[in-house]
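Trainee:
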Amino acid sequence: MTGYLPVLEAMGCRIYPYGCGKLYISCKRRLTAPPTIRTMPYPGFPTDIQAPFTALCSVAEGTSVFVENIFENRYRHVPELIRLGASIKVEGRVAVVQGVPVLSGARLCAGELRGGAALVTAALAAEGTTEITGVGYIDRGYESIEKTLRSVGADITRTG
Numbered sequence: 138m139t140g141y142l143p144v145l146e147a148m149g150c151r152i153y154p155y156g157c158g159k160l161y162i163s164c165k166r167r168l169t170a171p172p173t174i175r176t177m178p179y180p181g182f183p184t185d186i187q188a189p190f191t192a193l194c195s196v197a198e199g200t201s202v203f204v205e206n207i208f209e210n211r212y213r214h215v216p217e218l219i220r221l222g223a224s225i226k227v228e229g230r231v232a233v234v235q236g237v238p239v240l241s242g243a244r245l246c247a248g249e250l251r252g253g254a255a256l257v258t259a260a261l262a263a264e265g266t267t268e269i270t271g272v273g274y275i276d277r278g279y280e281s282i283e284k285t286l287r288s289v290g291a292d293i294t295r296t297g
């Protein structure tokens, strides 16, 4: 957690420990773009959460820059985020995300686990309805993700 909690704080979140190994994260306003995010081995920023943070930054105020130092082709989720209205440009290992005020629902296809989870989080922030196919990828790492998200108030349904 050490790699991403400072990023959330820099974006405007307040983080409070409570209970045994739990955190309460409060974000009372639109988040602001963080300083450049560079994926690194532990204890740095984890490459595995770069995709969800890309989705988060797509609605943050300002411009965010991601530098993927661990894996190539880690931005496969970006074209789908763009379908929601995100403003993202990728060149090699660098993604530049210009935050937009709102995303709009669209038909999307998850092509891998982490990017698929990012699409789900972006869809929850979007206005309108979003349909995501390829959920088998998401299921490999997040069993019954829709139930977990519904338990915290998300409007999400699995069909088919």
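Here the working numbering is used: the first residue of the sequence shown is 138, the next is one more, and so on.
Note that the Cβ used here is the ideal one computed from N, Cα and C, for glycine as well.
Expressed to the nearest angstrom, what Euclidean distance is found between the alpha-carbon atoms of Gly222 and Tyr179?
Mentor: When rounded, the distance between both Cα atoms is 32 Å.
Trainee: Is it right to say Val234 is buried, meaning 16 or more other beta carbons lie within 10 angstroms of its own, or is it exposed?
Mentor: The residue in question, Val234, is buried, as its Cβ has 16 or more Cβ neighbours within 10 Å.
Trainee: May I ask you to report which of helix, strand or coil DSSP gives Arg277?
Mentor: Residue state, collapsed to three classes: coil.
Trainee: Considering only C-alpha positions, which residue in the set Ile275, Ile174 and Gly265 is nearest to Tyr141?
Mentor: The candidate whose alpha carbon is nearest that of Tyr141 is Ile174.
Trainee: Spell out the partners DSSP gives Tyr154 in its beta bridges.
Mentor: Before going further, note that residue 154 is Pro rather than Tyr in the sequence given. DSSP, once it has assigned bridges, lists Leu160 as partnering Pro154.
Trainee: Who pairs with Ser195 in a beta bridge, going by DSSP?
Mentor: Its beta-bridge partners do not exist; DSSP assigns none.
Trainee: Rounded to a whole number of angstroms, what is the C-alpha to C-alpha distance between Pro183 and Val231?
Mentor: The alpha-carbon atoms of Pro183 and Val231 are separated by roughly 15 Å.
Trainee: Pull up the CB-CB distance for Glu217 and Leu245, whole angstroms please, since I reckon it's below 8 Å.
Mentor: Their Cβ separation, rounded to whole angstroms, is 5 Å, which keeps Glu217 and Leu245 in contact under 8 Å.
Trainee: Between Gly156 and Glu228, what straight-line distance do the alpha-carbon atoms span, to the nearest angstrom?
Mentor: When rounded, the distance between both Cα atoms is 42 Å.
Trainee: Anyone know if the C-beta pair for Val196 and Ala262 falls short of 8 Å?
Mentor: Yes. Within cutoff.
Trainee: For the candidate residues Gly290, Val237 and Ile219, whose alpha-carbon lies nearest to that of Leu168?
Mentor: Taking only the C-alpha atoms, the option nearest Leu168 is Val237.
Trainee: Buried or exposed: which applies to Cys194, given that a residue is buried once 16 or more other Cβ atoms fall within 10 Å of its Cβ?
Mentor: That one is buried.
Trainee: Taking the alpha-carbon of Pro189 as reference, which of Thr285, Ala260, Gly265 and Ala243 has the nearest alpha-carbon?
Mentor: Among Thr285, Ala260, Gly265 and Ala243, the Cα nearest to that of Pro189 belongs to Ala260.
Trainee: Do you know whose CA, among Gly252, Glu264, Leu256 and Ala255, lies nearest Leu240's CA?
Mentor: It is Glu264.
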